[in-house]
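Enquirer: Below is the structure I would like to discuss, written out as structure tokens.
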Amino acid sequence: MLDVNNLTVMLDGKDVVSDISLRLERGNIGCLLGPSGCGKTTMLRTIAGFVQPRRGEVRINGRPVAGAASPVPVEQRGVGMVFQDFALFPHLAARENIAFGLQGLPGRERQDRVNDVARTLEITDFQHKYPHQLSGGQQQRVAIARALAPRPDILLLDEPFSNMDIELREQIARELRLILKQDGMTAILVTHNQLEAFAMADEIGVIRDGALLQWGNAYSLYHQPDSPQVADFIGEGVFLEGTVLSTTEVATELGVLRGSAPHGRTPQTQVSVLVRPDDIVHDDNSSQTAMVQDRVFRGAEYLYTLALPSGARLLSLVPSHHDHAIGEEIGIRPEIDHLVVFE
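End of the sequence shown sits at 349 in this note's numbering; the numbers just go up one at a time, nothing left out.
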């Protein structure tokens with residue numbers, strides 16, 4: 007449904023998107039994930055047609071819409087857009103906002119489509135209210151309904167949950183994913199929030215300084231990052247110094263770490279080993295210990311920051327009934343299934 011090939015975009019005399027290529031299949035949900043100012047929103051606006059690329063091509067449903075050929079206007083690209091501030095028309099009720107993009111349909115058909123979308127997004131009860139009478143979550147549903155109503159080829163969402171309470175964001179992301187999947191809709195989301203990306207997207211692109219570092223599913227980004235930058239940005243973790251013993255073994259201060267996937271480094275290579283909090287298991291019977299330097303209570307778990315004898319630090323997720331004080335030595339053992347190393 008979406009093909010982006012070698013896309014470069016210049017703003018104010020500077021390349022803010024540099025040579026990005028990605029592909030999104032029909033019915034899948036993609037996400038552009040990265041910190042503020044990395045170029046992800048510019049990517050979305052280029053796909054939509056608000057910004058023209060300096061180089062490269064965008065295809066939607068097989069049709070070139072930006073690139074060497076004359077650019078296709080925004081309204082002819084078959085895209086629906088949900089803006090960060092929702093951009094609802096304040097003088098129109100929710101129902102009228104939803105119907106705004108359906109002007110070309112006969113009256114009865116237009117009403118039926120508005121009813122269908124309102125029912126799907128559970129906004130029937132307040133469809134006659136105006137935007138100022140709605141909560142942030144309700145406004146967001148209306149904005150999504152308005153974008154979905156014309157049945158676009160692809161739905162573009164620019165930080166759609168940023169105006170919501172933190173507790174509501176992941177819930178709404180999961181609900182929206184279900185709605186899009188039921189409708190067979192292709193969509194691409196822009197966010198800086200990893201939990202939103204994981205809850206919603208089939209494929210995620212990590213963007214940094216205008217470059218696409220990796221495009222893949224959440225599992226591969228977390229367990230098989232292509233670079234230290236992706237490993238550092240996705241999830242939590244630390245790097246331990248190590249020496250390669252074989253393609254599946256690395257010697258570290260924690261002992262010899264073994265992973266199921268070969269890493270391709272030759273023996274005696276000095277490497278950094280990625281160690282995630284879920285790789286370090288708290289074990290009272292272990293002879294290997296580390297000192298608790300800090301702890302964060304997360305309800306079911308503590309996130310402990312641990313110091314090894316060398317001073318190297320680890321993170322460990324531990325069930326919260328194991329309540330250990332700062333300064334206490336606790337038993338640990340590594341359980342690493344995915345051995346991720348970088349030279």
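Even glycine gets a Cβ: it sits at the ideal position worked out from N, Cα and C. Note that the structure is a prediction, hence the values are computed from the model and not measured.
Judging by CA-CA distance, which residue of 52, 341, 29, 97 is the nearest neighbour of residue 79?
Expert: Among 52, 341, 29, 97, the Cα nearest to that of residue 79 belongs to 52.
Enquirer: Considering only C-alpha positions, which residue in the set 37, 109, 77 is nearest to residue 224?
Expert: Answer by Cα proximity: 37.
Enquirer: Spatial neighbours of residue 73 within its chain, please: CB distance less than 6 Å, with the 5 preceding and 5 following residues excluded, ordered by chain position.
Expert: Excluding residues within five positions, the ones whose Cβ falls inside 6 Å are 63.
Enquirer: On a CA-only basis, which of 138, 145, 115, 117 is nearest residue 129? Give me that one, please.
Expert: Per the Cα distances, 145.
Enquirer: If I measure Cβ to Cβ from residue 158 and keep anything under 7 Å in the same chain, skipping five residues before and after, which residues do I get?
Expert: 84, 85, 86, listed in sequence order.
Enquirer: Could you tell me if residue 164 is buried or exposed, where buried requires 16 or more neighbouring beta carbons within 10 angstroms of its beta carbon?
Expert: Residue 164 comes out buried.
Enquirer: When we look at the beta-carbon of residue 209 and count the other beta-carbons within 10 Å, is it buried (16 or more) or exposed?
Expert: Buried, by the Cβ-count rule.
Enquirer: Would the beta-carbon of residue 92 fall within 9 Å of that of residue 148?
Expert: Cβ distance < 9 Å, so residue 92 and residue 148 count as in contact.
Enquirer: Once DSSP output is grouped into helix, strand and coil, what is the label at residue 30?
Expert: Reduced to three states, the DSSP call for residue 30 is strand.
Enquirer: Sort out for me which residues DSSP pairs residue 86 with in a bridge.
Expert: DSSP output for residue 86 lists 161 as bridge partner(s).
Enquirer: Give the DSSP-derived three-state secondary structure of residue 234 in the structure shown.
Expert: The answer is helix: DSSP assigns residue 234 an H, G or I state.
Enquirer: Taking DSSP as the reference, what is the three-state secondary structure of residue 271?
Expert: Reduced to three states, the DSSP call for residue 271 is coil.
Enquirer: By DSSP, does residue 239 sit in helix, in strand, or in coil?
Expert: In the structure shown, residue 239 sits in a helix (DSSP, three-state: H, G or I).
Enquirer: CB residue 211 to CB residue 39, shorter than 9 Å?
Expert: Cβ atoms of residue 211 and residue 39: closer than 9 Å.
Enquirer: For the stretch 102 to 109 against the stretch 187 to 206, are there 3 or more C-beta pairs whose distance is under 8 Å?
Expert: Cβ pair count under 8 Å is below three, so no.
Enquirer: Can you give the beta carbon distance from residue 276 to residue 338, rounded, assuming they're within the 8 Å contact cut?
Expert: With a Cβ gap of about 24 Å, residue 276 and residue 338 do not count as contacting.
Enquirer: For the beta strand (DSSP E) holding residue 296, just list the boundary residues, first then last.
Expert: From DSSP, the beta strand (DSSP E) with residue 296 extends over 295 to 303.
Enquirer: Throw me the rounded Cβ distance for the residue 65 and residue 9 pair, which I believe falls under 8 Å.
Expert: About 4 Å; that satisfies the 8 Å criterion.
Enquirer: Taking the Cβ atom as the reference point for each residue, do residue 161 and residue 126 lie within a distance shorter than 9 Å?
Expert: Not in contact: residue 161 and residue 126 (Cβ atoms no closer than 9 Å).
Enquirer: Reducing DSSP to helix, strand and coil, say where residue 132 ends up.
Expert: Of the three classes helix, strand and coil, the one that applies to residue 132 here is helix, per DSSP.
Enquirer: How many Å lie between residue 263 and residue 60 at the Cα?
Expert: The straight-line gap from Cα to Cα measures roughly 47 Å.
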